[in-house]
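Here the protein sequences come in this chain order: A and B.
Anchor point for the first sequence: position 140 equals 140 in the UniProt record's numbering, and the numbering is continuous, going up by one each time.
Anchor point for the second sequence: position 288 equals 288 in the UniProt record's numbering, and the numbering is continuous, going up by one each time.
There are 2 protein chains.
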Amino acid sequence: MARVRMRDVAEHAGVSVRTVSNVVSGYPHVSPATRERVQRSLDELGYRMDYLARGLRSGRTGFVALAVPFLAEPYFAELAQAVISAAARRGITVLVESTAGDPEVERRILSGGLTNVADGVLLSALTVPADDDAARAADFPLVMLGEHSVGDRFPRVGIDNVAAARTAVGHLVEQGCRRIVALGRNGSENGRQRTEGYRQALSAAQIRRVNWLVVPVEDWTREHGRAAVRELLDGSGPLPDGIFAFNDALAVGALAALDESGVRVPDDVAVVGIDDIQESAYTHPPLTSIAPDLDVIAERALSLLAEQEGAAGVAPREEATPYRLVVRASSLRARPGSPT
Amino acid sequence: MARVRMRDVAEHAGVSVRTVSNVVSGYPHVSPATRERVQRSLDELGYRMDYLARGLRSGRTGFVALAVPFLAEPYFAELAQAVISAAARRGITVLVESTAGDPEVERRILSGGLTNVADGVLLSALTVPADDDAARAADFPLVMLGEHSVGDRFPRVGIDNVAAARTAVGHLVEQGCRRIVALGRNGSENGRQRTEGYRQALSAAQIRRVNWLVVPVEDWTREHGRAAVRELLDGSGPLPDGIFAFNDALAVGALAALDESGVRVPDDVAVVGIDDIQESAYTHPPLTSIAPDLDVIAERALSLLAEQEGAAGVAPREEATPYRLVVRASSLRARPGSPT
DNA sequence: GCCCGCCCTTGCATCGTTGCAAAGGATCAC
DNA sequence: GTGATCCTTTGCAACGATGCAAGGGCGGGC
Chain A
1 MARVRMRDVA EHAGVSVRTV SNVVSGYPHV SPATRERVQR SLDELGYRMD
51 YLARGLRSGR TGFVALAVPF LAEPYFAELA QAVISAAARR GITVLVESTA
101 GDPEVERRIL SGGLTNVADG VLLSALTVPA DDDAARAADF PLVMLGEHSV
151 GDRFPRVGID NVAAARTAVG HLVEQGCRRI VALGRNGSEN GRQRTEGYRQ
201 ALSAAQIRRV NWLVVPVEDW TREHGRAAVR ELLDGSGPLP DGIFAFNDAL
251 AVGALAALDE SGVRVPDDVA VVGIDDIQES AYTHPPLTSI APDLDVIAER
301 ALSLLAEQEG AAGVAPREEA TPYRLVVRAS SLRARPGSPT
Chain B
1 MARVRMRDVA EHAGVSVRTV SNVVSGYPHV SPATRERVQR SLDELGYRMD
51 YLARGLRSGR TGFVALAVPF LAEPYFAELA QAVISAAARR GITVLVESTA
101 GDPEVERRIL SGGLTNVADG VLLSALTVPA DDDAARAADF PLVMLGEHSV
151 GDRFPRVGID NVAAARTAVG HLVEQGCRRI VALGRNGSEN GRQRTEGYRQ
201 ALSAAQIRRV NWLVVPVEDW TREHGRAAVR ELLDGSGPLP DGIFAFNDAL
251 AVGALAALDE SGVRVPDDVA VVGIDDIQES AYTHPPLTSI APDLDVIAER
301 ALSLLAEQEG AAGVAPREEA TPYRLVVRAS SLRARPGSPT
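See below:
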């Protein structure tokens, strides 16, 4: 059974192809009688739009590309789900690309690898330096998700990482922690910002510098979190009484390492993460975390894409989206400094 | 800066458009000199293929659609990652659709909602009945992932659910469990099959029927797993000494509920799940699970799609993919029946 | 020396839809 | 009654690539 084209529908309804197109696309000036007749033919023949042809002619495809480092990482999976849902509400289909954190792949995307098939690109990059050549050359609707901004040409949507980190560490301080380890430094901009927030919180609390410690990890995964904390526990230094993990995956790994070693959480060590992935409500003990509002991020990002499509010169900007501190048992100590 | 078309490249290189196309698509009969010259122009102008135009003309787009119920569920996220990686190796881009388990959406996909934009569809359905009308009418390359088969018209790729469930429950029996609860029955075909495996294992072990118990849940999520086990613990019936969760998310919820109530795992209750999501290596205690080989599933599925594109009448078949039992602490009891 | 055949290159039509702009018809006001 | 205006409908060309098939050029065989 061959494909049904507008031409077939037009013949069946006894009108021109253009009129069928008008009906399909909701053009207002079509007489009710004609609209009715065409609609019947559409239904009867089971017409389905060829999005490729429409995209080729009109220049708009109805696709948005979403590029994330690893879809299997819970945070990115949840982010992708939010984007897909938000896009569906707007009649947009999402193309998902996985960059594997490969700078080469990220660069390829920035240089337009997805341009003509997608109306816009949402990029959650790990590595691309802000002043990359490819970034400069990009001339299509692009919104950065999360941390990286690419130069000052494109808008960015995400939480304020410095403030979020400060909130998380500040919470640990409130809970009585005085020797807090930051877990997760790496080369990323994101890592720098969360490190900065950590520093600001410790400064504000007048924690002595000798008690500052930033532990680097390669990837923000459970595995690296566990390995880093194992090493920390095996080491000769004094044990921390708080761990601020740069994301929840690291925190989950940290909790596993602490559990193995019989360290009590939160009594011996309080733990807090960032992302509030679903998993975090089910760890042992449940993990305190910073919860970004993924739906807001997805909505804003799509709106910003739409804006870029419309006007030529839209002022790039940073959209700081809301977040909440979700307090769970991993950081909740018996001795409350003040009532919640 | 406008888009660079083949025409622009052709003019720049002083050849015809067709020759540029020949170079780009790797047509063999092009003189080295010409090829060289065209290639230089391609690079210099930064030509990038318009996939829409190519797709419109050639009928193939290089896209494959993947539809899963919820991308935020770890199992589906990991599956999607595997599919995206496998597709990337073949130069295919993946369109991800989230059905939210809505039968209407699944039906729409089966009735060809993605056809002309994707060369084939991978559908991981929850609800569509095997003999649905839409399923019968589908006339495009389609492969079912996971459990549901749609009539006998399309191939299915996934583990043998009955056998996998039997293996999981058999393992609990080996560990000495005698009153094993199955957690997760629902209306799905998948649920029926795992229930059947549970029954077979208990029968084989000659467990008395009074000790069989299948607990229904609405969704296979952490939350429903926790709620169901809480209810089980609050109830008046005798406690089980083993829990077979139909997937790892349920198992994670079950572990959380057991932890809350101070039930010791695996001493009081041993727990096993299916899927072996990454999270399962980090639960308290680490979760024993059945690990399907997602890479194999993704590879097979894409191969089957390609086959369907080629020949008209490919015999539909069920591809049972390999799986392993990954034993972790949640089921490993002190008293070993036999050495591993 | 001539013809045949292979290799390389090319032009044209086409995929299915929408932008553009104008034609035909009906309605309404004066 | 007549002109103007608006509403409907239409035809044509074009988006950028590839399928098809033929044309030109060159080398080799006899």
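Backbone N, C-alpha and C fix where the C-beta goes; we use that ideal spot for every residue, glycine too.
Using a Cβ-Cβ cut-off of 7 Å (strictly less than) and excluding sequence neighbours within five positions of residue i, which residues of its own chain qualify?
{"i": "GLU218/A", "result": "ASN186, HIS224"}
{"i": "ARG35/A", "result": "VAL23"}
{"i": "GLU309/B", "result": "ASP119, GLY120, PRO141"}
{"i": "ARG324/B", "result": "ALA291"}
{"i": "ILE277/B", "result": "PRO74, TYR75, GLU78, ASP248"}
{"i": "ALA163/A", "result": "GLY197"}
{"i": "ILE207/A", "result": "ARG178"}
Return helix, strand or coil for residue i, following the three-state DSSP convention.
{"i": "GLY235/B", "result": "coil"}
{"i": "ALA270/B", "result": "strand"}
{"i": "ILE180/B", "result": "strand"}
{"i": "VAL64/A", "result": "strand"}
{"i": "ARG166/B", "result": "helix"}
{"i": "VAL4/A", "result": "coil"}
{"i": "PRO32/A", "result": "helix"}
{"i": "LEU202/B", "result": "helix"}
{"i": "GLN175/A", "result": "coil"}
{"i": "TYR47/B", "result": "coil"}
{"i": "ALA306/A", "result": "helix"}
{"i": "TYR282/B", "result": "helix"}
{"i": "ILE277/A", "result": "coil"}
{"i": "ILE207/A", "result": "coil"}
{"i": "THR19/A", "result": "helix"}
{"i": "LEU255/B", "result": "helix"}
{"i": "PRO339/A", "result": "Note on PRO339/A: pLDDT 46, under 50, position unreliable in the model; the coordinate value appears next. PRO339/A falls in the coil class under three-state DSSP."}
{"i": "LEU126/B", "result": "coil"}
{"i": "ALA329/A", "result": "helix"}
{"i": "THR195/B", "result": "helix"}
{"i": "VAL38/B", "result": "helix"}
{"i": "SER58/B", "result": "helix"}
{"i": "GLY14/A", "result": "coil"}
{"i": "GLY225/A", "result": "helix"}
{"i": "ARG264/A", "result": "coil"}
{"i": "ALA334/A", "result": "coil"}
{"i": "LEU52/A", "result": "helix"}
{"i": "TYR27/B", "result": "coil"}
Using DSSP's beta-bridge definition, name the partner residues of residue i.
{"i": "TYR323/B", "result": "PRO292/B"}
{"i": "ARG185/A", "result": "PRO216/A"}
{"i": "LEU142/A", "result": "VAL121/A"}
{"i": "PHE246/B", "result": "In the DSSP output, where bridge partners are listed per residue, PHE246/B has none listed."}
{"i": "GLU318/A", "result": "ARG156/A"}
Return the chain-ordered list of same chain residues with a C-beta closer than 8 Å to the C-beta of residue i, the five sequence neighbours on each side being excluded.
{"i": "LEU250/B", "result": "LEU183, GLY184, VAL217, TRP220, THR221, ARG222, HIS224, GLY225, ALA228, GLY273"}
{"i": "GLY337/B", "result": "Only weak support is given to the placement of GLY337/B: the predicted model assigns it a pLDDT of 48, under 50, and the question is left unresolved by the model."}
{"i": "LEU233/B", "result": "LEU239, ALA257, LEU258, SER261, VAL263"}
{"i": "SER85/B", "result": "ASP295, ALA298"}
{"i": "ARG328/A", "result": "SER280, ALA281, PRO285, PRO286, LEU287, THR288, SER289"}
In its own chain, which residues sit with a C-beta less than 6 Å from the C-beta of residue i, not counting the 5 before and 5 after it?
{"i": "LEU42/B", "result": "VAL9"}
{"i": "HIS29/A", "result": "none"}
{"i": "GLU318/B", "result": "ARG156"}
{"i": "GLN200/A", "result": "ARG166"}
Contiguous alpha helix (DSSP H) assignments of at least 4 residues, all confined to the stretch 66–116 of chain B: The qualifying runs are 74–89, 103–110.
message: What are the residues in the stretch 103–119 of chain B lying within 8 Å of chain A by C-beta distance?
response: Per Cβ criterion, the list reads GLY112, GLY113, THR115, ASN116, VAL117.
query: Name the residues in the stretch 242–265 of chain B whose C-beta lies less than 7 Å from a C-beta of chain A; which are they?
result: So the close ones are VAL252, GLY253, ALA256, ASP259.
task: Could you name the residues of the stretch 33–52 of chain B whose beta carbon sits closer than 9 Å to any beta carbon of chain A, in the order they occur along the chain?
output: The residues in question are GLY46, ARG48, MET49, ASP50, TYR51, LEU52.
query: Of all the residues that make up the stretch 91–102 of chain A, which are near chain B by a beta-carbon distance shorter than 9 Å?
result: In summary, the residues of the stretch 91–102 of chain A whose CB is separated from some CB of chain B by less than 9 Å are THR93, VAL94, LEU95, VAL96, GLU97, SER98, ALA100, in the order they occur in the chain.
message: Residues of the stretch 12–28 of chain B in Cβ contact with chain A at a cutoff of 8 Å, in chain order, please.
response: Interface annotation for the stretch 12–28 of chain B against chain A: empty, criterion Cβ-Cβ distance under 8 Å.
- prompt: Which residues, in order along the stretch 280–293 of chain B, keep a beta-carbon less than 9 Å from a beta-carbon of chain A?
  reply: For the stretch 280–293 of chain B, which is checked against every Cβ of chain A, the residues closer than 9 Å are ALA281, TYR282, THR283, HIS284, PRO285, PRO286.
message: So if I threshold CB-CB distances at 9 Å, which residues from the stretch 174–192 of chain A count as touching chain B?
response: If the cut-off is 9 Å between Cβ atoms, the stretch 174–192 of chain A has nothing near chain B.
Residues from the stretch 206–233 of chain B in contact with chain A, defined by Cβ distance under 8 Å: Cβ contacts with chain A: ARG222, ARG226.
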